Amino acid sequence: MAWLFLAPTIVGMGVFTLVPIVASVLLAFFRWDILSAPQFAGLDNFAEMATDPTVRVAFGNTLAFVVVAVVLQLGVALGLAVLIQDRLPNWLRVFFRSAFFFPLILSAASVSIFMKYLFNEQFGVVNWLLGTVGIPAVPWLTTPFGSACVVALVYVWQNFGFSFLLFLGALSAIPQETYEAASLDGATGWRKHRYVTLPLISPTTLVASVMAIINALQVFDQPYVLTRGGPGDSTRTAVMVIFETAFQQLQFGKASAIGVVLMLVIMAVTALQFRLSKRFVFYQ
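Each residue of the sequence shown is one higher than the one before, counting from 1 in the UniProt record's numbering.
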């Protein structure tokens, strides 16, 4: 009976997750353009990928994006969670939980289209607001630095709500007696957060950081809709290269090879996080 109830989930994961993963790994060793039969290529796809400057730039952009976006996402989420938990009554906490989580349920493509108009150099609201205080129009989406900033800001704005909820839940679970004991020992303000709050929410910080990094390494919607990877290749990411290689150039073997490398990077970064967590994660 137990297997009967588990069967739909097991079949679904097998068909839509396990089979595509195995097929992608196998396809990485073949050349296939859909129009003709696959031809075994050995490691040629990986070698071609390693010498492709666009792929190297895309992986570099992705890693740089991960550093900036994850730090901003976790920093903003934790800061707002601490502020709301310490300063606001319960009914306002409920309001902000919903308000900050709301962008996450929206389509990333629709949000990016909306933000593209907001950051437009000629008629965007952002430049209009800057103009009211005497700041000249900023070419947000037509310069490499401006485009990278917009992509990171839009991504963080839409995704920090999940980390915020995790941190808010962790802060709510800290016993008030712990802070009272810290106060008796002379801890105030920042010292309470440094020596009480951060260690006690460290398991949640690990979960939030792991999920944030995995999601950021797979970023696609925001840069694709906002900039199409431009100007030049300044905002092109690894997943964008996979998409373009497969569905525009019809090199599905090479695209699968890039996907396999990205999967290995994600696994390696996640394993490194769990290994390093032994130093900064404290369990009660």
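All C-beta atoms in this analysis are idealised placements derived from N, C-alpha and C, irrespective of residue type, glycine included. The model shown is predicted, which means the values in this text are computed figures rather than measured ones.
With 16 other CB atoms within 10 Å as the buried threshold, where does residue i fall?
{"i": "I113", "result": "exposed"}
{"i": "M49", "result": "buried"}
{"i": "Q249", "result": "exposed"}
{"i": "A173", "result": "exposed"}
{"i": "V241", "result": "buried"}
{"i": "I84", "result": "buried"}
{"i": "V22", "result": "exposed"}
{"i": "G229", "result": "buried"}
{"i": "D185", "result": "exposed"}
{"i": "L27", "result": "buried"}
{"i": "Q222", "result": "buried"}
Can you give the beta carbon distance from residue i to residue j, rounded, assuming they're within the 8 Å contact cut?
{"i": "R97", "j": "L165", "result": "6 Å"}
{"i": "A271", "j": "L74", "result": "No, A271 and L74 are not in contact; Cβ-Cβ is about 19 Å, not under 8 Å."}
{"i": "Y155", "j": "V219", "result": "6 Å"}
{"i": "W32", "j": "F252", "result": "5 Å"}
{"i": "A69", "j": "A216", "result": "5 Å"}
{"i": "G161", "j": "F100", "result": "4 Å"}
{"i": "V196", "j": "Y179", "result": "6 Å"}
{"i": "F29", "j": "G42", "result": "6 Å"}
Can the beta-carbon of residue i be found closer than 8 Å to that of residue j?
{"i": "A255", "j": "A268", "result": "no"}
{"i": "F280", "j": "S209", "result": "no"}
{"i": "V25", "j": "V260", "result": "yes"}
{"i": "A257", "j": "F46", "result": "yes"}
{"i": "K116", "j": "L141", "result": "yes"}
{"i": "N127", "j": "V138", "result": "yes"}
{"i": "L72", "j": "F167", "result": "no"}
{"i": "T227", "j": "V151", "result": "yes"}
{"i": "L104", "j": "Q158", "result": "yes"}
{"i": "S234", "j": "P144", "result": "yes"}
{"i": "R236", "j": "A109", "result": "no"}
{"i": "S163", "j": "P231", "result": "no"}
{"i": "L262", "j": "A238", "result": "yes"}
{"i": "V76", "j": "H193", "result": "no"}
{"i": "I214", "j": "I266", "result": "yes"}
{"i": "L118", "j": "V125", "result": "yes"}
Which residues share a DSSP beta bridge with residue i?
{"i": "R31", "result": "Q39"}
Whole runs of the beta strand (DSSP E) within the region 41 to 95, excluding any shorter than 3 residues
none
Can you give, in chain order, each stretch of the alpha helix (DSSP H) that sits fully within the region 104 to 168 and has at least 4 residues?
108 to 118 and 125 to 132
As an exercise, report each continuous beta strand (DSSP E) stretch of at least 3 residues that is fully enclosed by the region 222 to 268, in chain order.
none
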